[in-house]
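In mature numbering (1 follows the signal peptide of the UniProt record, and there is no 0), the protein residues as written are -23 to -1, 1 to 799. Here the structure comes first, spelled out in structure tokens, and everything after it is commentary.
What follows is the structure in structure tokens.
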């Protein structure tokens, strides 16, 4: 679908467009569109008449010939009315509304625009902003609205005509079956499923489009290219706008869906899309949430909160963090890793009995591709024969039918990339049975950057991705199948190591490890240094896994990192991750697994704060909207190279059921970062001010060496001034701030916690009513008594008057009789 906005040309009026396509009465049924991927779909447009009136309140001006700009006097308003007659069967589902000044560089701070429509929708935005809004279904065939542009400034402002676009969605054709239902236990989320069949051929399938979607943060790349192809797949779980979130179906147990994020920059639209060929009848689905979000991180926080049963999980405790990928028994059992978590009473890994290491995506053997068939049929070495069969039938192949492998000229070994299949299931089961059931917890699987397009076709594949005239499968599909297979063996999930993480992996992951090399060394030059892609992978993983444990697996020898251990530990703490090491490159000697005492001491210093921050807490990608950062780049000396970040913040809070008097404990780790390639300064200075929206004054509970952390009221200031002693230099320093946050209480919680006060208040109100009733009754009785007394007095007085009058008449009669006597 395409939507085009006509702009003013010459003496242009303002136009509003509805993008018209086939429509359904239920706006949610507009959930999928599909087409044969080589056919362009049609799009129809209807021009809506111009604004019917435009009136200036203060200047008494009625505009009849519309222009593209207007001037509003100070403290005045402009009123605009619009009425649109809708065509038959038109159902509006969304509008986009924006107001702008003639000079976007001058942005009034208080001026605003308000839109009220005939279906009672009311929107209010600041000047130079836009908003997306999902409309209720209209009751009539007329859409009308009034717009008020308010100049609340003390000076004139020039404004453009407002921008208003109305939309409705296209529905799917009849030979695709759509199901729409609310997700169980998730009242705000709708689940859309489409059933595809092989007779549909190669198609391009697209979800509902989102308009004016949130921009992705710089470090979050929406898609990743499948190696050995030109096809991209999405590694972010959602796309979002101010009014909607569309994301992967996290509850799809059947297949991995290789969506990619499709952007239409000219149309300001975005969707999830997949180009595929169904090989059997299958279902593809996604989730839509109607909500309000301010930016991408805010939408991601809402998404994770909506599916807290997936993201707010810390299955195996703080020990489910690092696992040994070395076969050395000493390294796996007696290694000094117990010092890393501040619990010296454990041998090995606290709270985790044993994770067995596997390598499921590559096999290393001394057999070339041309000799694989012979090796697979040989009985001389049964173990090697088995491995050759795995490569022969599960090795990833290129479009030219070649195996993907790396060759080591020194050892003369070939490392083949493979995919998981049911052929391996017995081996996994045998591994599990070989361990005591009381000590086995799960597997530690390394899948490297296994993100290939595999052109080996399997009969049981439900669909293939298509590109030009070729078809293939993403190798990540086999990893997803492997994860689902393992859920019955290790229900708490498994540890996975790699640099590529798909959104559908989250529910099966107990912990995720990222191998990194943070020590840069050339001859005698050594420094702490991360390339940009590794830096992004670290913080992306934290964002995408929610509250599940993430570990930094340092590849460098422990003896080489001791000089920069403060940087490494600050990086791990600032990213909300655990520090650990990656063992395979250390060799098999016992001494390779022993930490020097200085390193043990430093890990011990960080162990307590790491546990406080990460153990059984909830991660909030948008810092729960409780932090306001004030950063002045001109104060940072010297400036960072490129687009690297000056600071990072990760906020974790205790579960709400741990609240005391409605308050829960929250912790924010804030990392200051310096990234310099050529250093001419003698030191690096960084400073950041953060305001906290909290119930109590925040408190700096940890500061790495060299960090100054101070608090004034609700504001925290963090700074570093680190010396520079290398030519290539990075530095990371972290502080942790504790604060209290008041949770929102339900009516039931409020009543339960304040029952005594509520009962006392009710009795007090009842007593008050009794007193008022008694007072009214008393006053009524008193008044009645007074009325009786008054009546008695008046009757007595009347009787006395009558008696007196009678006596007077008798006297008068007697006097008259005396006068008439002779």
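The beta-carbon is built from N, C-alpha and C at its ideal position, and this holds for glycine as well. As the structure is a computational prediction, the values presented were derived from the model and not from experiment.
{"Check": "Opposing strand residues paired with residue 135 [DSSP bridges]", "Outcome": "48"}
{"Check": "C-alpha distance - residue 483 paired with residue 287, whole-angstrom precision", "Outcome": "7 Å"}
{"Check": "Rounded C-alpha distance that separates residue 678 from residue 643", "Outcome": "12 Å"}
{"Check": "Cβ contact (3+ pairs, closer than 8 Å) linking the stretch 547 to 557 and the stretch 615 to 628", "Outcome": "yes"}
{"Check": "At least three beta-carbon pairs within less than 8 Å, the stretch 252 to 260 to the stretch 170 to 179", "Outcome": "yes"}
{"Check": "Secondary structure of residue 748, DSSP reduced to three states", "Outcome": "helix"}
{"Check": "Counted within 10 angstroms of its Cβ, other Cβ atoms place residue 251 as buried (16 or more) or exposed", "Outcome": "buried"}
{"Check": "Among 52, 159, 106 and 95, nearest to residue 131 - alpha-carbon criterion", "Outcome": "52"}
{"Check": "Exposure label - residue 188; buried when at least 16 CB within 10 Å", "Outcome": "buried"}
{"Check": "C-beta atoms of residue 141 and residue 215 nearer than 8 Å", "Outcome": "no"}
{"Check": "Rounded separation between residue 342 and residue 360 - CA only", "Outcome": "11 Å"}
{"Check": "Contacts around residue 809, its chain only, beta-carbon distance under 8 Å, and the 5 residues preceding and following it disregarded", "Outcome": "Residue numbering for the chain in the displayed model covers -23 to 799; residue 809 lies beyond these limits and cannot be assessed."}
{"Check": "For residue 204: DSSP bridge partner residues", "Outcome": "429"}
{"Check": "Boundaries (first-last residue) of the alpha helix (DSSP H) holding residue 542", "Outcome": "542 to 551"}
{"Check": "Within 8 Å, strictly: CB atoms of residue 225 and residue 480", "Outcome": "yes"}
{"Check": "For residue 188, the three-state DSSP class (helix, strand or coil)", "Outcome": "strand"}
{"Check": "First and last residue of the uninterrupted alpha helix (DSSP H) at residue 193", "Outcome": "No alpha helix (DSSP H) contains residue 193, which DSSP labels as neither H nor E."}
{"Check": "Chain-order list of residues whose beta-carbon lies under 6 Å from that of residue 184 (same chain, five-residue window excluded)", "Outcome": "223, 248, 249 and 263"}
{"Check": "Buried or exposed (CB count within 10 angstroms, at least 16 for buried), residue 195", "Outcome": "exposed"}
{"Check": "Three-way DSSP call (helix, strand, coil) for residue 642 in this model", "Outcome": "strand"}
{"Check": "Beta-carbon separation (whole angstroms), residue 715 vs residue 524, contact threshold 8 Å", "Outcome": "Actually they do not touch by this definition, with Cβ atoms about 18 Å apart."}
{"Check": "Pairwise C-alpha distance: residue 60 and residue 74", "Outcome": "15 Å"}
{"Check": "Alpha helix (DSSP H) segment containing residue 371, residue limits", "Outcome": "359 to 371"}
{"Check": "Which of helix, strand or coil DSSP assigns to residue 53", "Outcome": "coil"}
{"Check": "Exposed unless 16 or more other CB atoms sit within 10 angstroms - verdict on residue 747", "Outcome": "exposed"}
{"Check": "Inter-residue spacing [alpha-carbon to alpha-carbon] between residue 267 and residue 167", "Outcome": "9 Å"}
{"Check": "With 16 other Cβ atoms within 10 Å as the buried cut-off, status of residue 744", "Outcome": "exposed"}
{"Check": "Neighbour-count burial assignment, residue 584, 16 or more Cβ in a 10 Å radius", "Outcome": "buried"}
{"Check": "Whole-number beta carbon distance between residue 255 and residue 204, since they are thought to touch under 8 Å", "Outcome": "Their Cβ separation, rounded to whole angstroms, is 25 Å, which puts residue 204 and residue 255 out of contact at 8 Å."}
{"Check": "Counted within 10 angstroms of its Cβ, other Cβ atoms place residue 340 as buried (16 or more) or exposed", "Outcome": "buried"}
{"Check": "Residue 556 beta carbon less than 8 Å from that of residue 545", "Outcome": "yes"}
{"Check": "3-residue-minimum beta strand (DSSP E) runs that sit fully inside the stretch 594 to 629, ordered along the chain", "Outcome": "595 to 597 and 604 to 607"}
{"Check": "Backbone CA spacing between residue 137 and residue 77 [nearest angstrom]", "Outcome": "6 Å"}
{"Check": "Chain-order list of residues whose beta-carbon lies under 7 Å from that of residue 93 (same chain, five-residue window excluded)", "Outcome": "99, 122 and 123"}
{"Check": "Distance between residue 180 and residue 49 (C-alpha atoms, nearest Å)", "Outcome": "52 Å"}
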